[in-house]
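Residue numbers (the numbering used here), protein chains in the order written: chain L, 51 to 405; chain Z, -1 to 280.
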């Protein structure tokens, strides 16, 4: 890898590239590459090679797509992903390799950085390249501070999800159409096995949904949600939780929550939002009975509009909320459900379609 | 009979995250004179968050191995806690010993902070710690290395995978639950919004853990008594990998403050007002 080389963005074929997470990453990588004046190259890691058309991938400056298909990629072994990426890096000599920001992506990024002596940055919220100089911003202390970092290219980085609206996504035409920049010529597509040959993953996938412990149920795609109804310890009865679900359905929202929501049995660990769970950035984050502990807020404080409903007016979440309601969920939830249902029935949408 | 499995737990003393969060919520988080770090000397330091879970995980697995006897292959495990130059080593190792960890290895990096004999010793954060930890683990000959998925301060989430890469060991990142059967480890790990998946790996391996759904491990009287006789070995690596430099040029505090609108009144009126404001969501 060298300074001045292209930006390489790594997309996980196991997550549908057309969904929000993948296209957001691609759009952000395109922005970094455009600002740096270097080409963009995409790697798509694909376990089975089916169901994804690399030629359909579009972004400004996207010069090439390396579609790497190999069964070993199905295990999600970070070492395998890093090896596959390096097969491209040896020829593309990138100035930066960008991953999505998740626990497995951070692991793969670490492997790639170590193997090839690149600087490593994770949870990056902003990244810029100026020649061989790399500047970045990331949050630390569970979101309480932002630190600004500087290093030399080449760099391997994971990009944190951005606040809704800053990287708009076009579900039908791809990311390029949504940011208004020139799409350019279709990228060249290179298919390979990433040099993995008969390499076996040392971490073996046993079951897609977990069997060890009791928290393995796969959750809905919270990161792709435009609206989230999040439940916490303040949702105290099954009736209140049912109302929260009804409200989510009326809003077209996905249900998630805090650790307290797991403790009360409302959600599974797969639906946990926060430092130890999923980082989300929906347009609307409706937090019901969530106190706003820093571990939770680290996962949601980049939402477009944070609405907090809590009985305790001193709850920390009110410091982060754009709209706050101090009140009893037992009274407010039925009212919200009734109002949202009435708006839907009236056909002017309310939360569903805009008013 | 096989050799006892040697489990190493890597621990980092960090400022109490609840105290930091409270300071942040009250607008009392301050930068130091350099403007590149927080002023946290007055905040208690200890083992928190994922590192606390990593310690509990190793202790639980070791206790289970004793109960299972031959099923675990080697019977009782050997357990070691490793920490890189904490400001107060006693805070780290006393906690580990009281929960039943047998040995402690304090990785020193030179009394003058210059990094001692290790080229990476003067580095701070994840990039400096990982080479030191990997050198320590290599010297111990560990079968299983467990650490928190990320720390409560920097939170880079890269130390475990970097240690694994430096040692050439497989890495299971962000595990929520572990089982060890002989020399095989099975883990439920987080995959972000895809939920969880179960993976398997042959030891030796590096595992980083989350704290979801695990009960805190309680100290036992016998371990508390035994802790008084435990000693910490000081160890200074002399060579290792030097990672590329990453410098922190500035830091800003997110001055959380009430920034929003407060809705009040009759529930029906509040509901209508709220839906007016969040309208447009599809």
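Note that beta-carbon positions come from the ideal geometry of N, C-alpha and C, so glycine has one too.
Cβ of residue i within 8 Å of any chain L Cβ
{"i": "residue 134 (chain Z)", "result": "no"}
{"i": "residue 49 (chain Z)", "result": "no"}
{"i": "residue 31 (chain Z)", "result": "no"}
{"i": "residue 146 (chain Z)", "result": "no"}
{"i": "residue 188 (chain Z)", "result": "yes"}
{"i": "residue 45 (chain Z)", "result": "no"}
{"i": "residue 103 (chain Z)", "result": "no"}
{"i": "residue 70 (chain Z)", "result": "Confidence is the limiting factor: at residue 70 (chain Z) the pLDDT is only 42, short of 50, which leaves the residue's position unreliable, though a coordinate-based value still follows. No, no contact with chain L."}
{"i": "residue 37 (chain Z)", "result": "no"}
{"i": "residue 77 (chain Z)", "result": "no"}
Alpha-carbon to alpha-carbon, residue j and residue i
{"i": "residue 311 (chain L)", "j": "residue 340 (chain L)", "result": "8 Å"}
{"i": "residue 93 (chain L)", "j": "residue 117 (chain L)", "result": "6 Å"}
{"i": "residue 281 (chain Z)", "j": "residue 144 (chain Z)", "result": "Because chain Z here runs from -1 to 280, residue 281 (chain Z) falls outside it and cannot be looked at."}
{"i": "residue 343 (chain L)", "j": "residue 57 (chain Z)", "result": "28 Å"}
{"i": "residue 209 (chain Z)", "j": "residue 348 (chain L)", "result": "15 Å"}
{"i": "residue 264 (chain Z)", "j": "residue 190 (chain L)", "result": "40 Å"}
{"i": "residue 99 (chain L)", "j": "residue 119 (chain L)", "result": "5 Å"}
{"i": "residue 308 (chain L)", "j": "residue 142 (chain L)", "result": "42 Å"}
{"i": "residue 82 (chain Z)", "j": "residue 148 (chain L)", "result": "29 Å"}
{"i": "residue 384 (chain L)", "j": "residue 314 (chain L)", "result": "20 Å"}
{"i": "residue 295 (chain Z)", "j": "residue 2 (chain Z)", "result": "Missing from the structure shown is residue 295 (chain Z); chain Z here goes from -1 to 280 and no further."}
{"i": "residue 128 (chain Z)", "j": "residue 266 (chain Z)", "result": "56 Å"}
{"i": "residue 268 (chain Z)", "j": "residue 337 (chain L)", "result": "15 Å"}
{"i": "residue 213 (chain L)", "j": "residue 218 (chain Z)", "result": "Residue placement at residue 213 (chain L) is flagged as unreliable, the pLDDT there being 43, under the threshold of 50; the coordinate-derived value follows with that caveat. Answer to the nearest angstrom: the Cα atoms are 46 Å apart."}
{"i": "residue 95 (chain L)", "j": "residue 249 (chain Z)", "result": "35 Å"}
Exposed unless 16 or more other CB atoms sit within 10 angstroms - verdict on residue i
{"i": "residue 232 (chain Z)", "result": "exposed"}
{"i": "residue 22 (chain Z)", "result": "buried"}
{"i": "residue 62 (chain L)", "result": "buried"}
{"i": "residue 24 (chain Z)", "result": "exposed"}
{"i": "residue 188 (chain L)", "result": "buried"}
{"i": "residue 4 (chain Z)", "result": "buried"}
{"i": "residue 156 (chain L)", "result": "buried"}
{"i": "residue 51 (chain Z)", "result": "buried"}
{"i": "residue 137 (chain Z)", "result": "exposed"}
{"i": "residue 28 (chain Z)", "result": "exposed"}
{"i": "residue 126 (chain Z)", "result": "buried"}
{"i": "residue 293 (chain L)", "result": "buried"}
Three-state class that DSSP yields for residue i in the structure shown
{"i": "residue 293 (chain L)", "result": "helix"}
{"i": "residue 154 (chain L)", "result": "helix"}
{"i": "residue 254 (chain L)", "result": "strand"}
{"i": "residue 269 (chain Z)", "result": "helix"}
{"i": "residue 188 (chain Z)", "result": "strand"}
{"i": "residue 411 (chain L)", "result": "Coverage of chain L is limited to positions 51 through 405, which leaves residue 411 (chain L) absent and any answer about it impossible."}
{"i": "residue 141 (chain L)", "result": "helix"}
{"i": "residue 287 (chain L)", "result": "coil"}
{"i": "residue 346 (chain L)", "result": "helix"}
{"i": "residue 219 (chain L)", "result": "Residue confidence is low: residue 219 (chain L) scores 29 on pLDDT, short of 50, so the model does not pin down where it sits. Its coordinate-derived value is still stated next. Three-state result, residue 219 (chain L): coil."}
{"i": "residue 406 (chain L)", "result": "The shown model of chain L, from 51 to 405, leaves out residue 406 (chain L), and the question about it has no answer."}
{"i": "residue 149 (chain L)", "result": "strand"}
{"i": "residue 164 (chain L)", "result": "helix"}
{"i": "residue 54 (chain L)", "result": "coil"}
{"i": "residue 129 (chain Z)", "result": "helix"}
The ligand MG heavy atom lying under 7 Å from the CB of residue i
{"i": "residue 128 (chain L)", "result": "This structure simply doesn't include the ligand MG, nor any ligand for that matter."}
Cutoff 8 Å: residue i Cβ touching any chain Z Cβ
{"i": "residue 292 (chain L)", "result": "no"}
{"i": "residue 316 (chain L)", "result": "no"}
{"i": "residue 361 (chain L)", "result": "no"}
{"i": "residue 394 (chain L)", "result": "no"}
{"i": "residue 279 (chain L)", "result": "no"}
{"i": "residue 136 (chain L)", "result": "no"}
{"i": "residue 154 (chain L)", "result": "yes"}
{"i": "residue 386 (chain L)", "result": "yes"}
{"i": "residue 248 (chain L)", "result": "no"}
{"i": "residue 122 (chain L)", "result": "no"}
{"i": "residue 144 (chain L)", "result": "no"}
{"i": "residue 397 (chain L)", "result": "no"}
{"i": "residue 97 (chain L)", "result": "no"}
{"i": "residue 192 (chain L)", "result": "yes"}
{"i": "residue 127 (chain L)", "result": "yes"}
{"i": "residue 54 (chain L)", "result": "no"}
Pairing CB atoms from the region 2 to 17 of chain Z with CB atoms from the region 139 to 151 of chain Z, are three or more of them under 8 Å?
The region 2 to 17 of chain Z makes contact with the region 139 to 151 of chain Z; the number of CB pairs closer than 8 Å reaches 3 or more.
Are the region 241 to 258 of chain L and the region 277 to 294 of chain L in contact at 8 Å, needing three or more beta carbon pairs?
Judged by Cβ distances under 8 Å, the region 241 to 258 of chain L makes no contact with the region 277 to 294 of chain L, as fewer than three pairs qualify.
Evaluate the contact criterion for the region 368 to 382 of chain L versus the region 94 to 101 of chain Z: three or more CB pairs, one atom per stretch, below 8 Å.
The region 368 to 382 of chain L and the region 94 to 101 of chain Z do not touch, with fewer than 3 CB-CB distances between them shorter than 8 Å.
Check whether the region 158 to 176 of chain Z touches the region 196 to 207 of chain Z, taking contact to mean three or more Cβ pairs, one atom from each stretch, closer than 8 Å.
At 8 Å Cβ cutoff, the stretches touch.
The region 358 to 365 of chain L in contact with the region 217 to 230 of chain Z per 3-pair CB rule at 8 Å
With the cut-off at 8 Å, the region 358 to 365 of chain L and the region 217 to 230 of chain Z do not touch.
At least 3 beta-carbon pairs within less than 8 Å: the region 170 to 186 of chain L vs the region 195 to 212 of chain L
With three or more CB-CB distances shorter than 8 Å, the region 170 to 186 of chain L counts as touching the region 195 to 212 of chain L.
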